[in-house]
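Here's the structure, in structure tokens; my notes come after.
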Amino acid sequence: MTALDDTQATAPGSVPLRVQLRRAERITKLKYLGLIAPLAIFLAVTFLWPIGALLWHSVDNPEVVEALPETTKLLRSWDRKALPDEAVFAAFARDLAAAHGNPALAGAAKRLNMERSGFRSQLMNTGRKLRVEAGQSAKAAVLAADARWGEVSSWQALARNSTPFTAFYLLAALDHKIADDGSIVHADPDQTIYVEILLRTLWMSVIVTLISLALAYPLAYLLATIPSKSSNLLMIMVLLPFWTSVLVRVAAWIVLLQNEGPINRALVGLGIVDEPLQLVFNRLGVYIAMVHILLPFAVLPLYSVMKGISPSYVRAAVSLGSPPFRSFWKIYFPLTLPGIGAGGLLVFILSMGYYITPALLGSPREQMASYFVAFYVNETTNWGMAAALSTILLAATLVLYIIYSRYFGPARVNQVAPR
Amino acid sequence: MLQPYASPVERVWYYSLRVLCGLIIVFLVVPILVIVPLSFNADSILMYPMSGFSWRWYHEFFGSVTWTNALKNSLIISPLATLVAVVLGTLASIGLVRVNFPGKALLISVLISPMVVPVVIAGVAVYLFFAPLGLSGSYLGLILAHAMLGVPFVITTMTATLQQFDYNLVRASASLGADPIKTFFKVTLPLVAPGVISGALFAFATSFDEVVVTLFLASPEQRTLPRQMFSGIRENISPTIAAAATVLVAVATLLLLVLELVRRRSERLRGAPTPIAKSVRRSFLKKRIEA
Numbered sequence: 001m002t003a004l005d006d007t008q009a010t011a012p013g014s015v016p017l018r019v020q021l022r023r024a025e026r027i028t029k030l031k032y033l034g035l036i037a038p039l040a041i042f043l044a045v046t047f048l049w050p051i052g053a054l055l056w057h058s059v060d061n062p063e064v065v066e067a068l069p070e071t072t073k074l075l076r077s078w079d080r081k082a083l084p085d086e087a088v089f090a091a092f093a094r095d096l097a098a099a100h101g102n103p104a105l106a107g108a109a110k111r112l113n114m115e116r117s118g119f120r121s122q123l124m125n126t127g128r129k130l131r132v133e134a135g136q137s138a139k140a141a142v143l144a145a146d147a148r149w150g151e152v153s154s155w156q157a158l159a160r161n162s163t164p165f166t167a168f169y170l171l172a173a174l175d176h177k178i179a180d181d182g183s184i185v186h187a188d189p190d191q192t193i194y195v196e197i198l199l200r201t202l203w204m205s206v207i208v209t210l211i212s213l214a215l216a217y218p219l220a221y222l223l224a225t226i227p228s229k230s231s232n233l234l235m236i237m238v239l240l241p242f243w244t245s246v247l248v249r250v251a252a253w254i255v256l257l258q259n260e261g262p263i264n265r266a267l268v269g270l271g272i273v274d275e276p277l278q279l280v281f282n283r284l285g286v287y288i289a290m291v292h293i294l295l296p297f298a299v300l301p302l303y304s305v306m307k308g309i310s311p312s313y314v315r316a317a318v319s320l321g322s323p324p325f326r327s328f329w330k331i332y333f334p335l336t337l338p339g340i341g342a343g344g345l346l347v348f349i350l351s352m353g354y355y356i357t358p359a360l361l362g363s364p365r366e367q368m369a370s371y372f373v374a375f376y377v378n379e380t381t382n383w384g385m386a387a388a389l390s391t392i393l394l395a396a397t398l399v400l401y402i403i404y405s406r407y408f409g410p411a412r413v414n415q416v417a418p419r
Numbered sequence: 420m421l422q423p424y425a426s427p428v429e430r431v432w433y434y435s436l437r438v439l440c441g442l443i444i445v446f447l448v449v450p451i452l453v454i455v456p457l458s459f460n461a462d463s464i465l466m467y468p469m470s471g472f473s474w475r476w477y478h479e480f481f482g483s484v485t486w487t488n489a490l491k492n493s494l495i496i497s498p499l500a501t502l503v504a505v506v507l508g509t510l511a512s513i514g515l516v517r518v519n520f521p522g523k524a525l526l527i528s529v530l531i532s533p534m535v536v537p538v539v540i541a542g543v544a545v546y547l548f549f550a551p552l553g554l555s556g557s558y559l560g561l562i563l564a565h566a567m568l569g570v571p572f573v574i575t576t577m578t579a580t581l582q583q584f585d586y587n588l589v590r591a592s593a594s595l596g597a598d599p600i601k602t603f604f605k606v607t608l609p610l611v612a613p614g615v616i617s618g619a620l621f622a623f624a625t626s627f628d629e630v631v632v633t634l635f636l637a638s639p640e641q642r643t644l645p646r647q648m649f650s651g652i653r654e655n656i657s658p659t660i661a662a663a664a665t666v667l668v669a670v671a672t673l674l675l676l677v678l679e680l681v682r683r684r685s686e687r688l689r690g691a692p693t694p695i696a697k698s699v700r701r702s703f704l705k706k707r708i709e710a
């Protein structure tokens with residue numbers, strides 16, 4: 001590097017060459033970063049920020065604080081044991097008078113009803129009836145409007161919502177709740193559906209992944225070992241369904257699997273079964289269609305790994321006296337493990353988010369976590385529950401995605417691209 | 420290949436593998452083969468056996484405002500979403516390949532994540548964010564959301580293509596007096612075009628097949644073809660669905676063919692050994708051995 005020595009390469013009075021070089025490099029680097037910036041900003045606005053905003057809803061709890069600002073402020077310092085004192089009742093009466101006819105009160109009532117059924121009418125009735133006569137204590141007036149305000153648990157429910165954040169939705173999504181005494185306990189048995197849904201999502205993904213791998217392995221093996229002319233044609237047959245709309249395939253499976261469909265007719269016609277089998281609108285139909293959709297995602301990574309394995313390894317093992325099956329199991333199979341990992345993980349990640357296929361081909365017992373996210377958005381507009389389920393589903397997906405990109409590289413997600 | 424001296428076990432293995440793979444291929448292809456003929460069925464139930472040939476369901480498809488509107492919407496939204504995804508994705512890929520900085524791997528993972536995040540979550544999130552901005556129930560909102568879903572495909576194909584691109588060609592072009600813009604259009608773009616095209620095809624297919632985000636974001640006016648099929652399958656499953664499915668299969672086949680052509684072209688451009696090149700090299704080696 002002596003040629004770049006400052007004293008030699010610099011004319012008197014000019015910037016040293018090394019500095020010039022560094023400056024030029026910095027400018028080039030900034031130029032390239034400038035090329036990345038538009039996409040980064042685009043995704044930040046259309047993807048990252050919206051997802052962040054959605055997840056925020058899983059802890060966001062503004063309704064009660066907005067409708068009853070003074071009461072909630074006082075309840076934050078209440079010991080949550082005995083009935084609150086007159087000051088709280090007075091604040092409550094003022095808040096209710098201010099919130100009368102205000103949509104915020106209905107929002108708070110809806111929110112509190114999730115904590116305790118009957119709370120909606122309790123709050124709305126009180127809002128309508130409450131009149132504090134001159135000389136009467138606020139407590140007496142509130143209790144006259146609705147006697148349930150004499151129960152400590154009413155106030156405990158209010159106190160639980162006296163802060164703008166809550167763990168209510170996330171706990172509910174894991175079948176837990178905060179009890180009146182502040183401890184975390186199991187939710188009531190009639191509301192514990194979510195752990196079952198999450199486990200069902202995982203279980204169905206496991207089954208789909210295992211079946212996909214079992215079918216993909218021989219197919220990828222054949223693709224990787226036959227001459228490229230026939231393998232090209234086979235590859236097109238693997239990719240054609242991959243490029244076909246999911247809805248086309250769902251419609252096709254309904255046609256094929258329905259009670260009067262060709263498969264059932266053949267089974268009955270051959271005398272294998274007496275009555276048509278129920279093949280669709282149940283778990284079996286969902287598995288068949290999901291495996292069909294996800295199989296190419298398992299085939300392609302396996303294929304690219306197998307393509308890189310030299311056939312001489314197995315030949316060497318055989319020539320050294322190892323029986324063919326043993327050589328396959330001891331030599332070939334371990335070499336394909338990265339492909340199994342990549343394909344399996346990819347199929348698993350994708351199947352966890354499935355919505356369309358179970359929605360169209362399954363019974364209510366086949367619906368996965370995604371369905372309930374959509375349900376809470378479309379049917380009950382319960383953003384908190386939708387967000388909490390999203391948070392859990394997203395966390396599971398991200399953990400697997402991090403493992404995937406750590407071991408197989410993020411760009412390898414695109415194994416689906418043409419070779 | 421099965422050798423003439425193969426043992427019986429090897430023969431059984433050889434044929435059973437082929438039979439098994441044949442069955443798997445049938446499993447993969449049969450749904451598509453089943454739905455296409457039904458679109459020409461004269462019967463009004465989506466069911467086999469067919470009673471006769473008719474164009475009836477295509478008349479129904481192209482005669483109904485709902486379906487033609489859905490097709491028109493798909494043909495408006497998908498190309499524009501593809502354009503946005505390809506322009507942004509290509510520029511970013513050039514930057515990503517040419518420059519190193521801390522956290523680059525993380526950034527790439529983030530840029531690719533729309534592909535793995537459950538699409539319902541993306542749909543709900545985008546709806547929640549776009550609705551107050553007046554972008555839900557608008558073409559612009561759908562185009563932006565579809566472009567977001569297509570970006571990962573462009574990034575992955577483009578970075579892979581650019582990594583094989585010889586940057587010395589750009590230097591050579593510059594040393595011969597071409598300005599950067601001329602170099603980009605005359606040297607860089609023709610060489611990376613296969614990557615751009617296959618990225619674009621993936622982005623297009625993603626948008627053209629998209630249901631879930633559309634389900635949340637689109638008002639009835641913006642219903643796309645897959646969205647309309649979703650309602651069709653849910654509400655009354657009629658052979659018009661088979662006609663719509665056939666239209667979608669035709670588009671898919673077309674995309675696949677273009678992709679195969681692009682792949683062949685890019686192999687040629689990258690100078691993959693052709694039979695002639697191979698024979699030249701072989702004779703060259705022979706000479707050296709003899710010498």
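Chain order of the listed sequences is A and B.
Take 1 as the starting number for the first sequence in this note's numbering and just add one per residue.
Take 420 as the starting number for the second sequence in this note's numbering and just add one per residue.
The C-beta atom is built at its ideal place from N, Cα and C for all residues, glycine as well.
Beta-carbon separation of residue i and residue j under 9 Å?
| i | j | result |
| --- | --- | --- |
| B:Val681 | B:Phe480 | no |
| B:Val573 | B:Gly514 | no |
| A:Ile193 | A:Ala369 | no |
| A:Leu83 | A:Gly150 | yes |
| B:Thr633 | B:Ala566 | no |
| B:Thr575 | B:Ile531 | yes |
| A:Lys29 | B:Val631 | no |
State the CB to CB distance for the pair residue i and residue j, rounded to an integer number of angstroms; the pair is presumed to be in contact (CB under 8 Å).
| i | j | result |
| --- | --- | --- |
| A:Ala109 | A:Arg94 | Going by Cβ atoms, the distance from A:Ala109 to A:Arg94 rounds to 18 Å, so no, they are not a contact pair. |
| A:Gly285 | A:Leu257 | 6 Å |
| A:Leu39 | B:Leu608 | Not quite, the Cβ-Cβ distance comes to about 18 Å (not below 8 Å), so this is no contact. |
| B:Phe548 | A:Trp49 | 7 Å |
| B:Gly651 | B:Thr643 | So it is not a contact: roughly 13 Å between Cβ atoms. |
| A:Arg350 | A:Leu294 | It is Leu, not Arg, that sits at residue 350 of chain A in the sequence shown. Correct: roughly 6 Å between the Cβ atoms. |
| A:Asp163 | A:Arg76 | Contrary to the premise, residue 163 of chain A reads as Thr rather than Asp in this sequence. Indeed they touch by this definition, with Cβ atoms about 7 Å apart. |
| B:Leu503 | B:Ile562 | The sequence shown places Val at residue 503 of chain B, rather than the Leu named in the question. B:Val503 to B:Ile562, Cβ: 7 Å. Contact. |
| B:Pro613 | B:Thr580 | 7 Å |
| A:Ala57 | A:Ala387 | Going by the sequence as given, residue 57 of chain A is His instead of Ala. Indeed, because the Cβ distance is near 4 Å, the residues count as touching under 8 Å. |
| A:Leu361 | A:Ala289 | 5 Å |
| B:Leu620 | B:Val536 | So it is not a contact: roughly 22 Å between Cβ atoms. |
Just to make sure I have the definition right: I need the residues of chain B whose C-beta is within less than 8 Å of the C-beta of residue i. Which are they?
| i | result |
| --- | --- |
| A:His292 | Phe446, Leu447 and Pro450 |
| A:Trp149 | Residues of chain B passing the Cβ test: none, with the nearest at roughly 35 Å. |
| A:Leu219 | Cys440, Ile443 and Ile444 |
| A:Tyr401 | Ser528, Ser532 and Val535 |
| A:Thr397 | Val535, Val536 and Pro537 |
List, in order along the chain, the chain A residues whose C-beta lies closer than 7 Å to that of residue i?
| i | result |
| --- | --- |
| B:Phe548 | Trp49, Pro50 and Ala53 |
| B:Val453 | Ala252, Val255 and Leu256 |
| B:Gly415 | The question about residue 415 of chain B has no answer, for chain B in this structure spans 420 to 710. |
| B:Ala628 | The sequence given here places Asp at residue 628 of chain B; Ala does not occur at that position. By Cβ distance, chain A contributes Ser245 and Val246. |
| B:Ile660 | Ala251 |
Interface residues of chain B around residue i at Cβ under 9 Å?
| i | result |
| --- | --- |
| A:Ser390 | Pro537, Val539, Ile540, Val543 and Ala544 |
| A:Ala374 | Val539, Gly542, Val543, Val631, Leu634 and Phe635 |
Could you list which residues in chain A have their beta carbon closer than 9 Å to that of residue i, in chain order?
| i | result |
| --- | --- |
| B:Thr672 | Leu240, Trp243 and Thr244 |
| B:Gly514 | Lys31, Tyr32, Leu33, Gly34, Leu35, Ile36, Ala37 and Leu39 |
| B:Glu479 | Under the 9 Å cutoff, chain A gives no residues; its nearest Cβ is about 15 Å from B:Glu479. |
So residue i contacts chain B; which residues on that side make the cut at Cβ distance below 7 Å?
| i | result |
| --- | --- |
| A:Glu260 | Met466 |
| A:Gly353 | Pro537, Val538 and Val539 |
**Message:** Report the start-end ranges of each alpha helix (DSSP H) in the segment 232-300 of chain A that is 4 residues or longer and not cut off at the edges.
**Reply:** Runs found: 246-257 and 262-269.
**Item:** the segment 559-573 of chain B / the segment 621-636 of chain B touching (three or more Cβ pairs under 8 Å)
**Value:** yes
**Request:** Could you tell me which uninterrupted alpha helix (DSSP H) segments, each at least 4 residues in length, are contained entirely in the segment 44-101 of chain A, listed from first to last along the chain?
**Result:** 49-56, 63-67, 69-75 and 86-99
**Request:** Would you check if the segment 215-228 of chain A and the segment 304-313 of chain A touch, i.e. whether three or more CB-CB distances between them fall below 8 Å?
**Result:** yes
**Asked** Quick one: complete alpha helix (DSSP H) runs, 4+ long, within the segment 113-149 of chain A?
**Response** 119-129 and 138-145
**Request:** Entirely within the segment 367-400 of chain A and at least 3 residues each: give me those beta strand (DSSP E) ranges in chain order.
**Result:** The DSSP assignment places no complete run of the beta strand (DSSP E) inside the segment 367-400 of chain A (cut-off: 3 residues).
**Asked** Per the contact definition of three or more C-beta pairs closer than 8 Å, is the segment 536-554 of chain B in contact with the segment 41-55 of chain A?
**Response** Taking 8 Å as the limit for Cβ pairs, the verdict is that the segment 536-554 of chain B does touch the segment 41-55 of chain A.
**Message:** Going residue by residue through the segment 137-214 of chain A, where are the continuous alpha helix (DSSP H) segments of at least 4 residues, counting only ones entirely within it?
**Reply:** 138-145, 152-160 and 168-173
**Asked** Do the segment 308-325 of chain A and the segment 269-278 of chain A meet, that is, are 3 or more Cβ pairs less than 8 Å apart?
**Response** no
**Those runs of the alpha helix (DSSP H) which lie wholly inside the segment 598-644 of chain B and span at least 4 residues** = 599-602, 608-627 and 631-636
**Prompt:** Are the segment 420-438 of chain B and the segment 394-407 of chain A in contact at 8 Å, needing three or more beta carbon pairs?
**Reply:** no
**Request:** Check whether the segment 669-677 of chain B touches the segment 366-385 of chain A, taking contact to mean three or more Cβ pairs, one atom from each stretch, closer than 8 Å.
**Result:** no
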